[in-house]
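Take a look at the structure set out below.
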Amino acid sequence: MLNLITTLERFEDLPALLNSDVDTILVSVEGLSSSCACKLNPDELKETVQAAAEAKKQLAVLANMTLHEGMLDDADRLMQYIAMQENISVFFADPSIFGIAKKYHMTDRMVYEPETLMTSIPDAGWWIQRGVEGICISPILTLQETVEIASTVKKAIVTVHGRTLMSRSYRRLLSAYKDQNHLTEDVTDNRDLYIVEKQREGSMPIYEDETGTLIYSDDVLDSFDFIEDVLKSHPIGLLINGGYITIEEQLSAVSAYKRILNGEDANTVGKEYREQFASEPLDSGYYEQKTVK
Amino acid sequence: MNKKLLNKKISKRPELLAPAGDLARAKVAIDYGADAVYLGGMSFSLRSRASNFTMDDIREACKYASSHGSNIHVTVNIIPHNEDFEGLEQYLKDLEDAGVTAIITASVSIMALAKRIAPKLEVHCSTQMSITNSAAAQLLIDENQVDRVVLSRECNMGEVRQITAKCPVETEAFIHGGMCVNISGRCTLSNRMTLRDANRGGCAQSCRWQYHLYEKNHRLSTDADMFTIGSKDMMAAYYIRDLMEAGVASLKIEGRMKSEYYVASIVSGYRHLIDELYDCDGEISQERMNYHLGEINKGENREVCAGCYNGRAGQESIIFHEYSNNTVNHDFLGTVVSYDKDTHIARVQVRNVITTGDRVEALMPGKLNDEFDVTWIKNDEGESIDRANRPMDFVTFEIPFEVSPKDILRKIHE
Numbered sequence: 003m004l005n006l007i008t009t010l011e012r013f014e015d016l017p018a019l020l021n022s023d024v025d026t027i028l029v030s031v032e033g034l035s036s037s038c039a040c041k042l043n044p045d046e047l048k049e050t051v052q053a054a055a056e057a058k059k060q061l062a063v064l065a066n067m068t069l070h071e072g073m074l075d076d077a078d079r080l081m082q083y084i085a086m087q088e089n090i091s092v093f094f095a096d097p098s099i100f101g102i103a104k105k106y107h108m109t110d111r112m113v114y115e116p117e118t119l120m121t122s123i124p125d126a127g128w129w130i131q132r133g134v135e136g137i138c139i140s141p142i143l144t145l146q147e148t149v150e151i152a153s154t155v156k157k158a159i160v161t162v163h164g165r166t167l168m169s170r171s172y173r174r175l176l177s178a179y180k181d182q183n184h185l186t187e188d189v190t191d192n193r194d195l196y197i198v199e200k201q202r203e204g205s206m207p208i209y210e211d212e213t214g215t216l217i218y219s220d221d222v223l224d225s226f227d228f229i230e231d232v233l234k235s236h237p238i239g240l241l242i243n244g245g246y247i248t249i250e251e252q253l254s255a256v257s258a259y260k261r262i263l264n265g266e267d268a269n270t271v272g273k274e275y276r277e278q279f280a281s282e283p284l285d286s287g288y289y290e291q292k293t294v295k
Numbered sequence: 003m004n005k006k007l008l009n010k011k012i013s014k015r016p017e018l019l020a021p022a023g024d025l026a027r028a029k030v031a032i033d034y035g036a037d038a039v040y041l042g043g044m045s046f047s048l049r050s051r052a053s054n055f056t057m058d059d060i061r062e063a064c065k066y067a068s069s070h071g072s073n074i075h076v077t078v079n080i081i082p083h084n085e086d087f088e089g090l091e092q093y094l095k096d097l098e099d100a101g102v103t104a105i106i107t108a109s110v111s112i113m114a115l116a117k118r119i120a121p122k123l124e125v126h127c128s129t130q131m132s133i134t135n136s137a138a139a140q141l142l143i144d145e146n147q148v149d150r151v152v153l154s155r156e157c158n159m160g161e162v163r164q165i166t167a168k169c170p171v172e173t174e175a176f177i178h179g180g181m182c183v184n185i186s187g188r189c190t191l192s193n194r195m196t197l198r199d200a201n202r203g204g205c206a207q208s209c210r211w212q213y214h215l216y217e218k219n220h221r222l223s224t225d226a227d228m229f230t231i232g233s234k235d236m237m238a239a240y241y242i243r244d245l246m247e248a249g250v251a252s253l254k255i256e257g258r259m260k261s262e263y264y265v266a267s268i269v270s271g272y273r274h275l276i277d278e279l280y281d282c283d284g285e286i287s288q289e290r291m292n293y294h295l296g297e298i299n300k301g302e303n304r305e306v307c308a309g310c311y312n313g314r315a316g317q318e319s320i321i322f323h324e325y326s327n328n329t330v331n332h333d334f335l336g337t338v339v340s341y342d343k344d345t346h347i348a349r350v351q352v353r354n355v356i357t358t359g360d361r362v363e364a365l366m367p368g369k370l371n372d373e374f375d376v377t378w379i380k381n382d383e384g385e386s387i388d389r390a391n392r393p394m395d396f397v398t399f400e401i402p403f404e405v406s407p408k409d410i411l412r413k414i415h416e
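Residue numbers (this note's numbering), protein chains in the order written: chain U, 3 to 295; chain P, 3 to 416.
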């Protein structure tokens, strides 16, 4: 069955997502995740695990943090906890997380999600040969490239909706700017900040926390015009990123893609969605735009 | 092993690994003391705007390196799309046949492919893989038999020590040159804004552009102080001793797009520093350290920081103003073409303005630098001139000590 996945951005959104059509909720946790989403502490994670089980939803943990040497022990403890829970997948980027997963015999619950780095069939195949549950195709690929990978490797997850991550820095860039210019505003853990390039117009959300600084795309990817081709390539999952969109928009996106999966016409569903969120910077991403070397 | 050797803090002289954008610069790097040079071929390499090497160039570089006791590493470090694998197998075999020592790659499947079809090639795990812990290194060693791990530039010195101590294969660390402000390979600012793929050599360096910063509808930045995130270059001369004591096998200079002068100056500077540190087991005076810093800085024309070696890079590592990286270094005056030992007259190809009265330093591979005054200049027609100001022209003047072809002349600022 094709898995519809979305992220938990705010802990208070959990009940709404549990009541939605989504199949898997991807949560960020303290010590493993680097994203603009809220990071669950151990108690919140336990609560979420229980609530998801009761609602018969699957749970996945985002373990995409770049782990420095001193963080390995904490990561190991968290992975050990996750290994003991049933039906929790782990979306990882750092190879060390896969090494820990091998130790806990949970490689078949691992999803390789290196953001920009998963761009080819051979690299995807390498991870699949090592027994991962799946791989996330980079959202910077064209429709043709995406479909080629998904249809070949059979275990692909495709990002179909939401803002995409454009850059990840280990440096605290907002704090550096604040210190340099003596700003008084809080810039860490502040989800109201965005940047606009001097000669352009798009507003790019920028977020800083203890893991560094993240810059997200100025527009919101939607895949309604391309979803039928994507589905023909038989991905195992469709990912809807909830970062920097409202919960209403996120729930509507979940509902829209579920309707398409249930057989409704993608153009009709997409038209309705775009009318509902006409003020949002919806865009088709790289599906039709090939980058050059 | 004798007791003296056992007590040494620095047990091995590390490899000095230098960049080269073309054959001429590869030879310069080797002449000035690089133990190994890394370069990119026409395909499969980042830095697509660097003048990359043909296979004939790579063969020639390998021959030159071999005859000077040096090695050639080739970057195969694109994050490949499906189309990029076309011709890769043959390319890897050709590299092996050419005598290349190692490839540097960030793709797990390219690593595996190289091990299978070109087993004489060492496989070095690129910094694009952002290795910041020993467990990640171990996984790639176990699964792909990589021969060396290039550490992420986000590692601090303590992490370098720990990873190097635990890692069963060699580690390599950056010591000088440009730095991505973002984690290597994890940035698509360029893709988004210019459709140029940063992970396939097309980076437009959008991180160095200027941005307005807003909180909701309130602008926090001003026109005078735009939000910028461009990184200063790395200059880690102060950390060379620590890196050597940690047992890092290779110290890497970034800059395949840099000039011949830059390569010569920076390689020469670090060569002397590494050798002196090794010979003195890390114990050199501040005066000598200052001398080496001065020599390295003569080749550098950009703002620098120490990267993350002293902890996570912060405010001091960011360029907060526009155009700071566009300054032109006018110190490189020219290159010696020939020298007459009897008359002490040198023929020099001009690179920047040379004026009578200039105090000049000769940078000579394998020798200590020496200085002289330009007392007269003649153009190629034999006419006396006060200034040689046309780049690539040939002029003659007297140099009171012996110099050799390819020696570099640079201006000394009093």
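Think of the CB as a built atom: it goes at the ideal place given N, C-alpha and C, for glycine as much as any other residue.
- Proximity to P/Arg-392 across P/Tyr-293, P/Glu-62, P/Arg-361, P/Thr-357 peaks at P/Thr-357, based on C-alpha coordinates.
- Shown here, U/Pro-17 sits in a helix according to DSSP, grouped into three states.
- Within chain U, the residues whose beta carbon sits less than 7 Å from that of P/Gln-140 are Gly-101, listed in sequence order.
- Residue state for U/Ser-281 is assigned as coil, using DSSP reduced to three classes.
- The beta carbon of U/Ile-130 is closer than 7 Å to those of Ile-137, Val-155, Lys-157 in its chain, skipping five residues each way along the sequence.
- Closest option to P/Glu-98, judged by alpha-carbon separation, among P/Asn-73, P/Glu-262, P/Ile-255: P/Asn-73.
- Its Cα nearest to that of U/Ile-142, the residue P/Gly-187 stands out among P/Ala-251, P/Ile-119, P/Met-131, P/Gly-187.
- Of the candidates P/Arg-118, P/Asn-219, P/Leu-197, P/Tyr-264, P/Tyr-264 places its Cα closest to the Cα of P/Gly-180.
- The residues Lys-380, in chain order, have a CB closer than 6 Å to that of P/Ser-386 in the same chain once the five nearest residues on each side in sequence are set aside.
- Rounded to the nearest whole angstrom, the CA to CA distance from P/Glu-124 to P/Cys-64 is 15 Å.
- Only exposed fits P/Leu-370, as fewer than 16 other CB atoms lie within 10 angstroms of its CB.
- If you draw a straight line from the Cα of P/Lys-408 to the Cα of P/Thr-337, it comes to about 6 Å.
- For U/Thr-121, a Cβ of chain P is located within less than 7 Å of the residue's own Cβ.
- Counting C-beta pairs closer than 8 Å gives fewer than three between the region 23 to 33 of chain P and the region 256 to 264 of chain U, which falls short of the contact rule.
- According to DSSP, P/Met-181 shares a beta bridge with no other residue.
- By the CB criterion at 7 Å, P/Phe-396 and P/Gln-351 fall inside the cutoff.
- One finds Thr-68, Ser-169, Arg-170, Ser-171, Tyr-172, Gly-214 in chain U with Cβ atoms closer than 9 Å to the Cβ of P/Ile-185, taken in chain order.
- Taking 7 Å as the CB threshold, P/Lys-218 lines the interface with chain U.
- Contact with chain U is found for P/Ser-111, since one of that chain's Cβ atoms lies less than 7 Å from the residue's Cβ.
- Note on geometry: alpha-carbon atoms of U/Ile-139 and U/Tyr-218 lie some 17 Å from one another.
- The alpha carbon of P/Ala-238 has as its nearest neighbour, out of P/Leu-191, P/Thr-103, P/Tyr-311, the alpha carbon of P/Tyr-311.
- Excluding its 5 nearest sequence neighbours in each direction, P/Val-110 has C-beta neighbours in its own chain below 7 Å: Asn-146, listed in chain order.
- Inclusion of P/Phe-334 and P/Arg-412 in the CB contact set at 7 Å is warranted, their separation being smaller than that value.
- Chain order gives the chain U residues near P/Arg-194 as Met-168, Ser-219, where near means a beta carbon separation below 7 Å.
- Contact between U/Val-63 and U/Leu-34 holds, since their C-beta atoms are separated by about 6 Å, short of 8 Å.
- Any Cβ of chain U closer than 7 Å to the Cβ of P/Ser-128 would place that residue at the interface, and such an atom is absent.
- The beta carbon of P/His-126 lies closer than 8 Å to those of His-75, Ala-104, Ile-105, Ile-106, Thr-107, Val-148, Asp-149, Arg-150, Val-151, Val-152, Glu-174 in the same chain, with the five residues before and after it left out.
- Here P/Leu-253 is buried. Its C-beta has 16 or more other C-beta atoms within 10 Å.
- Contact annotation: P/Phe-403 and P/Asp-372 have beta-carbon atoms nearer than 7 Å.
- For U/Arg-261, same chain residues with a beta-carbon under 7 Å away, outside a window of 5 residues either side, are Val-271 in chain order.
- DSSP places P/Ser-192 inside the alpha helix (DSSP H), whose first and last residues are 191 to 196.
- Nearest in C-alpha terms to P/Ile-119, of all of P/Glu-302, P/Thr-134, P/Lys-95, is P/Lys-95.
- A contact between stretches requires three or more CB pairs, one per stretch, nearer than 8 Å, and the region 202 to 215 of chain U fails this requirement with the region 119 to 128 of chain U.
- Neighbours of U/Arg-132 in chain P, taken as residues at a C-beta separation under 8 Å, are given in chain order as Glu-145.
- DSSP places U/Pro-207 in no alpha helix (DSSP H) but in the uninterrupted beta strand (DSSP E) bounded by 206 to 211.
- Take the alpha-carbon of U/Asp-110 and the one of P/Glu-262: they are about 51 Å apart.
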